[in-house]
Amino acid sequence: MANSKPASAASARSGSGSLRYGLFLQSSHPPERALGDAIDRVIAQIRWADELGFSEAWLGEHLTAAWEPIPAQDLVIAQALACTQNITLCAGAYVLPFYHPAALAMRISQLDHMARGRFILGIAAGSIPTDLAMLDIDGAAGEHRDRMAESLEIMLKLWNEPSEPWVYEGKFWTVRNPEPVLSYGPHLRPFQRPHPPIALAGLSPNSGTLELAGSRGFIPLSLTFNTPYLKGHWAAVERGAAKTGKPCDRRDWRVVRDVFVAESDEAARKWVREGNMARAWRAVNFPTLDLFGWRTFLKHDESVPDAAVDIDYLIDHLFLVGSPETVAKRLVAVDEALGGFGTVVLNAYDWGDDEGPYRRSMELFAREVIPRFDALRGSASTGSSKPIGVQA
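Per the working numbering, residue -1 is the first one in the sequence shown, and the count goes up by one each step.
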């Protein structure tokens, strides 16, 4: 059965020490940014994160998103591995319908060896209609979800049953684990056995994807929405876990938040309002959410009219923006409202013309916000257990 809810948020991390913190690099770059320059900025952010003790960095991939222009996250992960020491690099996520599952399973196995285990495998069905249309995948009929499920089963079979010949005949792919011929035959398995930790991101209310994560023991990751909405995400994880008897642990739950820290509340708010964080929300996030009527899931109170939910509203009620003291207090409030979670994942944005304030924000979060959070929550621990996907 699923674990019962902990008595307090602090107890959700009992034995795992401080709240962990990571980066989510979608990456939000303005369309005029040259792709090579955008990737250089992503690598710089990951390098800074590694130096500052961030536990993980997630990279996304899309085919047709001008503001999120990276179609091959694993190439960026491979580059980042060469210039970091400790941080875990996470695919956030491989869109499984884009690939042949056997070829992807071998590619992931190679990447896991290159990372020597500093790798988490996020998977997704795909959410951008133009990505699916480019590959002639019928998203309206749910073909992308069916392809993801079949692809996952094939990859797991390749990793879990490597020794005996078999044939998988699916709706979309037929895959064989062939008999060896001379020196040729299946030989490649991931560095982490039987495979890297697998993660699924949830978006919709009472996410079926996160219910699947709970049922399979996968890492759940929740994107930036209000706390009542995200409580539904954890409920979905628990429902899935209850169906299969898999344990579910809040320490494995990753929660994404938009964060910016400066020396004062006023300086932080000014940077957000005038920089690419606000620009990305106005150009991409607000219009996309409005297509689905989802702006309501940003509200702290359902009575707030949609028109009032602008950047200033998000700074006041959803984002973690301000001085280290302000951000620490708001992070505690999120932690308490959700009943505890294991890793806060900071949405990354293009810093514009001056990297200084952005890099300083990361430093302040790691060096001042997290210690303040620990002091407020009393969460320091000498225990040795750790969440899924965290390297010893």
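Even for Gly, the Cβ is constructed at its ideal location relative to N, Cα and C.
Cβ pair residue i, residue j closer than 9 Å
i, j, result
"LEU198", "PHE216", "yes"
"ASP110", "PHE189", "yes"
"VAL253", "LEU336", "yes"
"ALA89", "ILE118", "yes"
"TRP279", "TRP251", "no"
"GLY58", "ALA91", "yes"
"GLY137", "GLY124", "yes"
"HIS98", "TRP171", "yes"
"PHE339", "LEU21", "no"
"ILE403", "ARG116", "Nothing about residue 403 can be reported from this structure: the residues present for the chain run from -1 to 390 only."
"ARG450", "THR82", "This structure cannot speak to residue 450, because the chain is shown only from -1 to 390."
"ALA281", "TRP56", "no"
"LEU149", "LEU219", "Position check: residue 149 holds Ser in this sequence, whereas Leu was assumed. Cβ atoms of SER149 and LEU219: not closer than 9 Å."
"ARG358", "VAL259", "yes"
"GLU49", "LEU87", "no"
"ASP72", "ARG105", "yes"
"PHE96", "LEU154", "no"
Per-residue burial, residue i [other beta carbons within 10 Å of its own, 16 or more giving buried]
i, result
"SER262", "exposed"
"ASN274", "buried"
"GLN43", "buried"
"ARG11", "Low confidence applies here, because ARG11 scores a pLDDT of 46, under 50, leaving its location unreliable; read the following figure in that light. The residue is buried, with at least 16 neighbouring Cβ atoms inside 10 Å."
"LEU145", "Correcting the residue identity first, residue 145 is Arg in this sequence and not Leu. It is buried - the Cβ of ARG145 has at least 16 other Cβ atoms within 10 Å."
"VAL400", "Nothing can be reported for residue 400: it is not among the residues displayed for the chain, which extend from -1 to 390."
"ASN283", "buried"
"GLY212", "buried"
"HIS60", "buried"
"GLU272", "exposed"
"ALA0", "With a pLDDT of 36 at ALA0, under the threshold of 50, the modelled position of that residue is not reliable, and the figure given next carries that caveat. So ALA0 counts as buried."
"GLY376", "exposed"
"ALA5", "With a pLDDT of 36 at ALA5, under the threshold of 50, the predicted position of this residue should be treated as unreliable, and no value is reported."
"ALA103", "buried"
"LYS169", "exposed"
Range of the contiguous alpha helix (DSSP H) that encloses residue i
i, result
"TYR311", "309 to 315"
"PHE363", "Neither: PHE363 is in no alpha helix (DSSP H) and is coded neither H nor E."
"ALA147", "141 to 158"
"VAL270", "263 to 272"
"THR294", "Looking at the DSSP string, THR294 is not in any alpha helix (DSSP H), and its letter there is neither H nor E."
"LEU130", "127 to 132"
Host beta strand (DSSP E) of residue i (start-end)
i, result
"ALA326", "No beta strand (DSSP E) contains ALA326, which is instead part of the alpha helix (DSSP H) from 322 to 336."
"GLU167", "164 to 167"
"PHE284", "Careful: PHE284 lies outside any beta strand (DSSP E), inside the alpha helix (DSSP H) at 284 to 290."
"LEU344", "341 to 347"
"LEU17", "Counting along the chain, LEU17 falls outside any beta strand (DSSP E), and DSSP gives it neither H nor E."
"ARG191", "ARG191 -> no beta strand (DSSP E), and no H or E assigned at all."
"ILE118", "117 to 122"
"ARG174", "172 to 175"
Check: residue i C-beta below 8 Å from any heavy atom of the ligand ZN
i, result
"LEU33", "Questions concerning the ligand ZN fall outside what the structure shown contains, since it holds no ligand whatsoever."
Minimum Cβ-Cβ distance from residue i to chain C less than 9 Å
i, result
"TYR347", "Considering every chain present, this structure includes no chain C. It has just one protein chain."
Kindly confirm or deny that the region 25 to 34 and the region 345 to 353 touch, where touching means at least three C-beta pairs closer than 8 Å.
Flag = yes, the region 25 to 34 and the region 345 to 353 touch.
For the region 196 to 261, which segments carrying the alpha helix (DSSP H) assignment without a break, of at least 4 residues, lie completely within its bounds, in sequence order?
As far as the region 196 to 261 is concerned, its whole alpha helix (DSSP H) runs of at least 4 residues are 206 to 214 and 225 to 242.
Using a Cβ distance threshold of 8 Å, determine whether the region 301 to 311 contacts the region 243 to 252, with at least three qualifying pairs required.
With a cut-off of 8 Å, the region 243 to 252 and the region 301 to 311 do not count as touching, because too few Cβ pairs lie within range.
Are the region 233 to 242 and the region 117 to 133 touching by the rule of at least three beta carbon pairs closer than 8 Å?
Because the criterion of three Cβ pairs below 8 Å is not met, the region 233 to 242 and the region 117 to 133 do not touch.
Scan the region 45 to 108 and note each continuous beta strand (DSSP E) run of 3 residues or more that stays entirely inside, going in chain order.
Qualifying beta strand (DSSP E) stretches, in chain order: 54 to 57 and 86 to 93.
Taking one C-beta from the region 366 to 374 and one from the region 308 to 327 each time, how about it: are there three or more such pairs within less than 8 Å?
A contact exists between the region 366 to 374 and the region 308 to 327.
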